[in-house]
Amino acid sequence: MSFSEPITTSGQIRNGLKKGFVIVLSSAPFGILFGAIAIDNGFSMAEAALMSAFVFGGASQLVGIELFGHHVAAWMIVLSVLAVNFRHVLYSAAVSPILGRFPLLKRCLSFFLLTDPQFAETEKREEQTPVTFAWYIAMGGVVWIGWVGNTIVGALFGSLIGDPKAIGIDVLLPVYFLGLVMGFRKRHNFLPVLVAGAVGSVVAYWVVGSPWHISVGAALGIVVAAILPPPGASDHDLKDPALETEAA
Amino acid sequence: METGMSAFSVDSQTVTLILMAAIATYATRLGGYILVNSLKRIPPRVESALNAVPAAVLVTLVAPPFVNSGWDVRIAMIAALVFGLRFPGLMVLVVGWAAVMAARHGFGIGM
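Chains as they are written, first to last, in the working numbering: chain A, 32 to 279; chain B, 30 to 140.
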């Protein structure tokens, strides 16, 4: 770093580590949940850890593993992961001025680590002091290690689980997704999108069956959002109401 | 689970799937940056559509299970919905789990 910074590099790293640790704590149940469900749906511990390490996106991993358990075609699983992670396009657009300052390799690594809480913390940090790579990688690194570690813990614990229904873990996934959906309720057009997606997926489930109901329902919700009048001049609506819930 | 699969066994098809999912995810995390660097501005309707993607996708994972499940799961989801209006994700998960456990073991619904 050639330019002068308000705090030293070691101070940047310390702050990043601290923030990362809080994210690890709050996302631990979901990492453990993923590990347990992955085993339940036919992944080995190594495969579960590999997915957490490479995909590194909680909700999309849970969607992916759910579809995998239903023996859905691979391209459908990849497409669904892509669909669930599509919000990251908005995140990466929003943090472009920040991460764009890093040299190419560091920039590529930084975008890989761009999860919901990472995005939220980065936006918040930039309001006070310029985000440095040292701070960013310290936080993201801790979150990444914690996520993979919690996945392994869940996978180990999951293999000890007998009947998932008896201890109620089968209900965790729909409830978790319900909570995620609720996190977007302050968004423009939330209700019409929700109704279109819900009705579309339920009807498609009966008519064409799984897994097509996901694509049909999602497409219907997205089309409704595109048809309805866009929000006013709030062109900086990239901040996500779900962040608080997911990062909390 | 009953296949005698070891914790460290790795299936090549599964790894391929994981890598493809990883590439798709990385594409979304890089996509906005590439888009912003090439586009001057995003049309409002496109932004509205993108904005709707998470809710539109996630609700398709919630509505069919609710409709097609027994009352044990429905009770848990309704409890989670009510709690979700006030409390963060983790609490919602705990309430949903507690509700389904109460329904199954306390009231014998759905077991």
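Every residue gets a Cβ at the ideal spot worked out from N, C-alpha and C, and that includes glycine.
Whose Cβ in chain A lies nearer than 8 angstroms to the Cβ of residue i?
i             : result
S67 (chain B) : Those within 8 angstroms of S67 (chain B) in chain A number zero; the least Cβ separation is about 11 angstroms.
Would you call the CB atoms of residue i and residue j closer than 8 angstroms?
i              : j              : result
P223 (chain A) : L259 (chain A) : yes
A249 (chain A) : A114 (chain A) : yes
V126 (chain A) : L64 (chain B)  : no
F142 (chain A) : R74 (chain B)  : no
L204 (chain A) : I68 (chain A)  : yes
V26 (chain B)  : A105 (chain B) : The question about residue 26 (chain B) has no answer, for chain B in this structure spans 30 to 140.
P148 (chain A) : I54 (chain A)  : yes
A109 (chain B) : V206 (chain A) : yes
V184 (chain A) : G47 (chain A)  : no
A81 (chain B)  : N72 (chain A)  : no
V112 (chain A) : A50 (chain B)  : yes
Y55 (chain B)  : G131 (chain A) : no
L81 (chain A)  : V121 (chain B) : no
L209 (chain A) : V91 (chain B)  : yes
I70 (chain A)  : A79 (chain A)  : yes
P93 (chain B)  : Y236 (chain A) : yes
T153 (chain A) : I129 (chain A) : yes
S77 (chain B)  : A124 (chain A) : no
S91 (chain A)  : V179 (chain A) : no
L48 (chain B)  : F85 (chain A)  : yes
V96 (chain B)  : F112 (chain B) : no
V173 (chain A) : F52 (chain A)  : yes
So residue i contacts chain B; which residues on that side make the cut at Cβ distance below 8 angstroms?
i              : result
I96 (chain A)  : Here the premise fails: no neighbours, minimum Cβ distance about 10 angstroms.
P261 (chain A) : P73, R74, E76, S77
V233 (chain A) : A92, P93, V96
L191 (chain A) : Residues of chain B passing the Cβ test: none, with the nearest at roughly 11 angstroms.
A256 (chain A) : S77, A78, N80, A81, A85
A229 (chain A) : V88, T89, V91, A92
Y167 (chain A) : The contacting residues do not exist; Y167 (chain A) stays about 13 angstroms from chain B at best.
S41 (chain A)  : Per Cβ cutoff of 8 angstroms: no residues; S41 (chain A) is ~28 angstroms from chain B at best.
E157 (chain A) : Under the 8 angstroms cutoff, chain B gives no residues; its nearest Cβ is about 15 angstroms from E157 (chain A).
G100 (chain A) : In chain order: nothing, as chain B lies at least about 11 angstroms away.
Which residues of chain B have a Cβ atom closer than 7 angstroms to the Cβ of residue i, listed in chain order?
i              : result
N181 (chain A) : Within 7 angstroms Cβ-Cβ: nothing; N181 (chain A) doesn't reach chain B, min ~14 angstroms.
I253 (chain A) : A78, A81, V82, A85
A249 (chain A) : A85, V86, T89
G88 (chain A)  : T54
V224 (chain A) : A81, A84, A85
F85 (chain A)  : I47, L48, A51
G185 (chain A) : Residues of chain B passing the Cβ test: none, with the nearest at roughly 12 angstroms.
Give the residues of chain B in contact with residue i, contact being defined as C-beta atoms less than 9 angstroms apart.
i              : result
S75 (chain A)  : M34, S35, A36, F37, S38, V39, D40, T43
F164 (chain A) : Per Cβ cutoff of 9 angstroms: no residues; F164 (chain A) is ~15 angstroms from chain B at best.
H219 (chain A) : S77, N80, A81
I245 (chain A) : V86, T89, L90, P93
G172 (chain A) : Result: empty, since nearest Cβ-Cβ is about 16 angstroms, beyond 9 angstroms.
Given that residue i touches chain A, what residues does it touch there, using C-beta distances under 7 angstroms?
i              : result
W100 (chain B) : Chain A residues near W100 (chain B): none, gap ~12 angstroms exceeds 7 angstroms.
G60 (chain B)  : V120, S123
Say yes only if the C-beta of residue i is nearer than 7 angstroms to one or more non-hydrogen atoms of the ligand PLP, and no if none qualify.
i              : result
A105 (chain B) : This structure does not include the ligand PLP; it has no bound ligands of any sort.
Roughly how far, in whole angstroms, is the beta-carbon of residue i from the beta-carbon of residue j, given that I think they are within contact range, below 8 angstroms?
i              : j              : result
A84 (chain B)  : G252 (chain A) : 7 angstroms
F87 (chain A)  : W175 (chain A) : 6 angstroms
I38 (chain A)  : N181 (chain A) : No, I38 (chain A) and N181 (chain A) are not in contact; Cβ-Cβ is about 30 angstroms, not under 8 angstroms.
F150 (chain A) : Y122 (chain A) : 4 angstroms
W126 (chain B) : G228 (chain A) : Actually they do not touch by this definition, with Cβ atoms about 25 angstroms apart.
V102 (chain B) : V230 (chain A) : Not quite, the Cβ-Cβ distance comes to about 19 angstroms (not below 8 angstroms), so this is no contact.
I108 (chain A) : G95 (chain A)  : 5 angstroms
I138 (chain B) : G99 (chain B)  : 7 angstroms
V247 (chain A) : V239 (chain A) : 7 angstroms
L144 (chain A) : G171 (chain A) : 3 angstroms
Report yes or no: is there a C-beta of chain E within less than 8 angstroms of the C-beta of residue i?
i              : result
G240 (chain A) : Absent from the structure is chain E; the protein chains it does hold are A and B.
Give me the chain A residues within the contact set of residue i, using Cβ-Cβ distance strictly less than 9 angstroms, ordered along the chain.
i              : result
G125 (chain B) : G199, V202, L203, P205, V206, Y207, L209, G210
R103 (chain B) : Those do not exist, as R103 (chain B) stays about 10 angstroms from chain A at its closest Cβ, beyond 9 angstroms.
Residues from the region 35-50 of chain B in contact with chain A, defined by Cβ distance under 8 angstroms: Cβ proximity to chain A below 8 angstroms picks out S35, A36, F37, S38, V39, D40, Q42, T43, V44, T45, L46, I47, L48, M49, A50 from the region 35-50 of chain B.
Positions along the region 105-125 of chain A whose CB lies within less than 9 angstroms of some CB in chain B: Hits within the stretch, in order: A105, W106, I108, V109, L110, S111, V112, L113, A114, V115, N116, F117, R118, H119, V120, L121, Y122, S123, A124, A125.
Sequence ranges, alpha helix (DSSP H) only - wholly within the region 207-252 of chain A, length at least 4: Segments of the alpha helix (DSSP H) lying fully in the region 207-252 of chain A: 221-238.
Residues, ordered as in the chain, of the region 55-67 of chain A that lie near chain B by beta-carbon distance below 9 angstroms: Within the region 55-67 of chain A, S57, P60, F61, L64 place their CB atoms closer than 9 angstroms to a CB of chain B, listed in sequence order.
Residues in the region 198-216 of chain A having any Cβ partner in chain B nearer than 9 angstroms: For the region 198-216 of chain A, which is checked against every Cβ of chain B, the residues closer than 9 angstroms are I198, G199, I200, D201, V202, L203, L204, P205, V206, Y207, F208, L209, G210, L211, V212, M213, G214, F215, R216.
Ranges of the beta strand (DSSP E) found wholly within the region 54-122 of chain B, counting only runs of at least 3: The region 54-122 of chain B contains no whole beta strand (DSSP E) run of 3 or more residues.
Against chain B: residues of the region 134-153 of chain A by CB proximity under 7 angstroms: Hits within the stretch, in order: F142, F143, L145.
Within 9 angstroms of chain A by C-beta, residues of the region 70-88 of chain B in sequence order: Taking 9 angstroms as the Cβ-Cβ cut-off against chain A, the residues of the region 70-88 of chain B that qualify are R70, I71, P72, P73, R74, V75, E76, S77, A78, L79, N80, A81, V82, P83, A84, A85, V86, L87, V88.
Runs of beta strand (DSSP E) wholly within the region 166-201 of chain A (minimum 3 residues, chain order): Here no run is fully enclosed.
Alpha helix (DSSP H) segments (min. 4 residues) lying fully within the region 85-133 of chain A: Listed in chain order, the complete alpha helix (DSSP H) runs (minimum 4 residues) inside the region 85-133 of chain A are 89-100, 105-115, 118-125, 127-130.
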